[in-house]
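Read through the structure below, which is laid out as structure tokens, and then see the notes.
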Amino acid sequence: MDYKAAGAPKPAKGAPRHSEHNARGTEKNPLNRKDDKTALLARMKAAAEKARKG
Numbered sequence: 016m017d018y019k020a021a022g023a024p025k026p027a028k029g030a031p032r033h034s035e036h037n038a039r040g041t042e043k044n045p046l047n048r049k050d051d052k053t054a055l056l057a058r059m060k061a062a063a064e065k066a067r068k069g
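Per this note's numbering, residue 16 is the first one in the sequence shown, and the count goes up by one each step.
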């Protein structure tokens with residue numbers, strides 16, 4: 016008996032099971048879009064100030 020061929024086949028290595036809904040290069044998230052770092056920085060500063068005060 017060929018035990019090597021028994022069982023379910025192994026899945027492909029490194030291949031995602033599905034594509035993300037917000038993947039780069041899609042309509043919602045184009046490749047040439049710049050991420051808005053100012054909003055992130057403002058949230059980080061507000062969180063740091065809140066942590067300092069209380």
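Think of the CB as a built atom: it goes at the ideal place given N, C-alpha and C, for glycine as much as any other residue.
Note that the coordinates shown come from a computational prediction; the quantities given were computed from them, not determined experimentally.
So residue i is in the alpha helix (DSSP H); what residue range does that whole segment cover?
{"i": "A63", "result": "52-68"}
Against chain D, with Cβ distances strictly below 8 Å, would residue i count as a contact?
{"i": "P45", "result": "Although the question refers to chain D, the structure presented lacks it and comprises just one protein chain."}
Alpha carbons only, please: which of the options is nearest the one belonging to residue i?
{"i": "R39", "options": "K49, A21, R32", "result": "K49"}
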